[in-house]
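In the working numbering, the protein residues as written are 5 to 159.
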């Protein structure tokens, strides 16, 4: 699949999808077409043939974006850095498979739930090939302990 659609839900009801053209620097070897739903959403791309990191900022927190690769294949690793205050619902889809995730906190620890194809009652675990490692990072670059994040991000 050349296209991945990503939805993020922040707070109670929110979604974000990335799209637009990437121009993350002259040394970038892999290019992407990125289109954002809102004019003030931004997606910065840092990529080479092995890894792509999409740095997403959405002031409103509820949006949508589409990321399309313009090369033959995706890099081996793809990461999202979501500068949001919360992540109550995240969705990524390639048109065949849909992955959802939600992040909360309990006793100052992140609690991540991930499920596939809308089956929230069948959560994935770290042994699943679809598992996504999701971390909350605070403004100081260390693990965050509470939501809403203050100048932090979800990685």
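Each residue gets a CB set at the ideal place from its N, CA and C atoms; glycine is no exception.
* Assuming residue 54 contacts residue 79 under a Cβ cut-off of 8 Å, what Cβ separation, rounded to an integer in Å, is found between them? -> 6 Å
* Straight-line CA distance for residue 50 to residue 81? -> 12 Å
* With 16 other CB atoms within 10 Å as the buried threshold, where does residue 160 fall? -> The structure shown does not extend to residue 160, since the chain is modelled only from 5 through 159, so no value can be given for it.
* Kindly list the residues whose CB is nearer than 6 Å to the CB of residue 23, restricted to its own chain and excluding five residues on each side of it in sequence; keep chain order. => Its pLDDT being 31, under 50, residue 23 is placed unreliably in this model, and the coordinates cannot settle the point.
* Same chain, Cβ closer than 8 Å to residue 56, five either side skipped, listed in chain order -> 34, 36, 49, 50, 78, 79, 81, 82, 83
* To the nearest angstrom, report how far apart residue 120 and residue 127 are at their CA atoms. => 8 Å
* To do: Compute the Euclidean distance between the alpha carbons of residue 104 and residue 154, then round it to the nearest angstrom.
  => 24 Å
* Asked: Between the beta-carbon of residue 45 and the beta-carbon of residue 62, is there less than 7 Å?
  -> yes
* Asked: Among 131, 109, 133, 73, which has the Cα closest to the Cα of residue 89?
  -> 109
* Cα-Cα, which of 114, 97, 124, 85 is closest to residue 148? -> 114
* Just tell me which of 99, 73, 87 has its CA closest to the CA of residue 64. => 87
* Going along the chain, which residues of its own chain have a beta-carbon closer than 7 Å to the beta-carbon of residue 143, five neighbours each way excluded? -> 154, 155, 156
* Asked: Quick one, which of 58, 47, 96, 100 has its alpha-carbon nearest residue 135's?
  -> 96
* Using three-state DSSP, classify residue 43 as helix, strand or coil. => coil
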